[in-house]
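Chemist: Sequential numbering from 145 applies to the sequence shown in the numbering used here.
Every residue gets a Cβ at the ideal spot worked out from N, C-alpha and C, and that includes glycine.
Can you read through this structure? Questions will come right after.
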Amino acid sequence: MKYISYFFIAIASAFLVILLSLSSCSPNHKATTNQPMAMKEQPQTSQQTADTTVKIRNFKFEPANLAIAVGKTVQFINVDEEPHTATATDGTFNSKALDTNQTWNYTATKPGTYPYICSVHPFMKGTLTVTQQKN
Numbered sequence: 145m146k147y148i149s150y151f152f153i154a155i156a157s158a159f160l161v162i163l164l165s166l167s168s169c170s171p172n173h174k175a176t177t178n179q180p181m182a183m184k185e186q187p188q189t190s191q192q193t194a195d196t197t198v199k200i201r202n203f204k205f206e207p208a209n210l211a212i213a214v215g216k217t218v219q220f221i222n223v224d225e226e227p228h229t230a231t232a233t234d235g236t237f238n239s240k241a242l243d244t245n246q247t248w249n250y251t252a253t254k255p256g257t258y259p260y261i262c263s264v265h266p267f268m269k270g271t272l273t274v275t276q277q278k279n
């Protein structure tokens, strides 16, 4: 008698699972939400004209060492198939993940030497040197 009750519970559970699965697959099932779909956040891209460009290619920054003046803009463009970032090790700038052919601009605001890496691939390294603006 004990095993018969287990058998009926198993049959009822299986029936319930099948019924719920089939009801969610109904071709007449329509979403009734009026809210807009949330879009995945993309890295900020700027329409500002860049003074110089760093290409991310073959898991390297090209050029790896760059000097610009305060107020000048450097554009990072990822031409690799993998996502990459340009992230200053001191936190001064961070591009977030750039997909293939995506760009990100950074305008230098303070003189100094800023080593940076790709946070996805930390073996990728570069240095941005920002000099005082010339008169």
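Mind reading off the beta-carbon distance from threonine 217 to threonine 251? Whole number of angstroms is fine, and I expect it under 8 Å.
Modeler: 5 Å
Chemist: Out of Ala208, Leu242, Gly235, which has the shortest C-alpha to C-alpha gap to phenylalanine 267?
Modeler: When only C-alpha atoms are compared, the closest one is Ala208.
Chemist: For alanine 154, does the three-state DSSP call read helix, strand or coil?
Modeler: Here alanine 154 carries a helix assignment [DSSP, helix/strand/coil].
Chemist: Applying the 10 Å Cβ sphere with the 16-neighbour rule, what's the burial state of glycine 270?
Modeler: A residue is called buried when at least 16 other Cβ atoms come within 10 angstroms of its Cβ; glycine 270 meets this threshold and is buried.
Chemist: Considering only their Cβ atoms, is the gap separating glutamine 277 from alanine 232 smaller than 8 Å?
Modeler: Their beta carbons are not under 8 Å apart, which means alanine 232 does not touch glutamine 277 by this criterion.
Chemist: My assumption, with CB atoms under 8 Å, is that leucine 210 sits in contact with valine 198. Please give the rounded CB distance.
Modeler: 6 Å
Chemist: Lysine 240 bridges to which residues according to DSSP?
Modeler: None, per the DSSP bridge assignment.
Chemist: Taking a contact to mean a Cβ-Cβ separation below 8 Å, would you say valine 274 touches tyrosine 258 in this structure?
Modeler: yes
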